[in-house]
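**Q** Counted the way mature numbering (1 follows the signal peptide of the UniProt record, and there is no 0) counts, the sequence shown spans residues -25 to -1, 1 to 273. For every residue, glycine included, the Cβ atom is placed at its ideal position computed from N, Cα and C. Sharing a structure below in structure tokens format, with a few things to ask.
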Amino acid sequence: MRLLYPALSLLLLLLSLSCSPVSSGRPEASTVEGAPLGKLFIIGGGKRPPELLRALVKASGIDTSGYAVVLPMSSSEPDTAAYYAVKQFGPLGIPAGQFAAFNFQKGDYPPGRVDSLRKARLIYITGGDQNQFMEVVAGSPVYDAIHEAYRNGATVAGTSAGAAVMSRLMITGNEKRHPEYTGDFRTIEADNMEIGEGLGLLPQAIVDQHFIWRMRMNRLMTVVLDHPEKVGIGIDESTALLIEGGRFGKVYGGYQVIVLRHPSGRTIRQGGLLGGRGLELSVLLPGDTLQLSPLPNR
């Protein structure tokens, strides 16, 4: 495992060993089981305008206390991805010294780093390949640490691939029937959508990203017809959806968020095609809100 920003590693280790509840700058865990205390800040990829980043800073409270951890495992160039992830917060007054970046490798999860991740106030997942990220994280101490941080009050943010991993059922971007296509999804077919395992921080939904810019309605419609119990959420570039309490959302940034539901749950399969009636589509603008169903019992 490579550690980026090594000067901060000793500080984070000391913080992780401290028994003081204020060392992480986050609220203490609730003694009542229920909704997570943390927030999700799901960015659809593309450029992150200053107003979007300001909303993330405000949501996380990183400008007042605590530290942030960047997870660049999605990227083929993790050092570069981590560098720019940190740099974007500089103009907002958040110094690089307030960040660490942990490029965990599969099977290599140093306990001190995992503990620092668990106590972070903000966790930021970069873009790249969501499948690559989950190959490292699934079933690992890193997975558990992200969930514990979120339950206890951390904000978990992700852009592009970092948005896709928020779902439990994760869009991989691959087609089973048309592997020659590269994310175009020109059809709405049964047994075509490849689904992987995500982090499951937003289990009621399936998240897609770069949504309007890359014209991904076909694949979101496919996944909702295949999994009508889930809400399909398509987030455009330079746009984010903030989720609080595990279910209450608000749109930030420059463009729209698409919400697709299949309330009847009746999907028709005919000749390899998918069909359905009464699907509900919402196009949310910046400032609009939405409400998801309560989190399922765990």
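Please list, in chain order, all residues of the same chain as T55 whose beta carbon is under 8 Å from its beta carbon, the five residues on each side excluded.
**A** Answer for T55: no residue qualifies.
**Q** Can you name, in chain order, every residue of its own chain whose Cβ lies under 6 Å from the Cβ of R236, other than the five neighbours on each side?
**A** Same-chain partners within the cutoff: V206 and E255.
**Q** Looking at I210 and V182, is the spacing between their C-beta atoms short of 8 Å?
**A** In this structure, I210 lies closer than 8 Å to V182 by Cβ.
**Q** Less than 8 Å between the beta carbons of S35 and R88, yes or no?
**A** Taking 8 Å as the Cβ cut-off, S35 and R88 do not qualify as a contacting pair.
**Q** How would you label D201, buried or exposed, when you count the other beta carbons within 10 angstroms and need 16 or more for buried?
**A** It counts as buried.
**Q** Rounded to the nearest angstrom, what separates L248 and E110 at their Cα positions?
**A** Each residue's Cα considered, the two are about 31 Å apart.
**Q** Can you give me the start and stop residues for the beta strand (DSSP E) that E110 sits inside?
**A** From DSSP, E110 is part of no beta strand (DSSP E) but of the alpha helix (DSSP H) over Q105 to V112.
**Q** Give me the Cβ distance between M145 and A139, rounded to the nearest whole Å; I'm assuming they're in contact under 8 Å.
**A** Indeed they touch by this definition, with Cβ atoms about 6 Å apart.
**Q** Could you name the residues of the same chain whose beta carbon sits closer than 7 Å to that of V107, not counting the 5 residues immediately before and after it, in chain order?
**A** According to the sequence provided, residue 107 is Gln. The question's Val does not apply to it. The answer, listed in chain order, is M48 and S49.
**Q** Which residues does DSSP list as the beta-bridge partners of I208?
**A** Answer by DSSP bridge pairing, in chain order: V182 and V234.
**Q** For W188, which option in E155, G20, G250 and T130 has the closest C-alpha, if you only look at C-alpha atoms?
**A** Answer by Cα proximity: G20.
**Q** For T264, write down the residues that DSSP places opposite it in a beta bridge.
**A** Answer by DSSP bridge pairing, in chain order: K225.
**Q** Under a Cβ-count criterion, where at least 16 other Cβ atoms within 10 Å of its own Cβ denotes burial, should P238 be classed as buried or exposed?
**A** With fewer than 16 other Cβ atoms within 10 Å, it is exposed.
**Q** List the DSSP bridge partners of I218.
**A** Partner(s): L15 and G224.
**Q** Whole angstroms is fine: what's the gap from Y42's alpha carbon to N149's?
**A** Cα to Cα, the separation comes out at about 35 Å.
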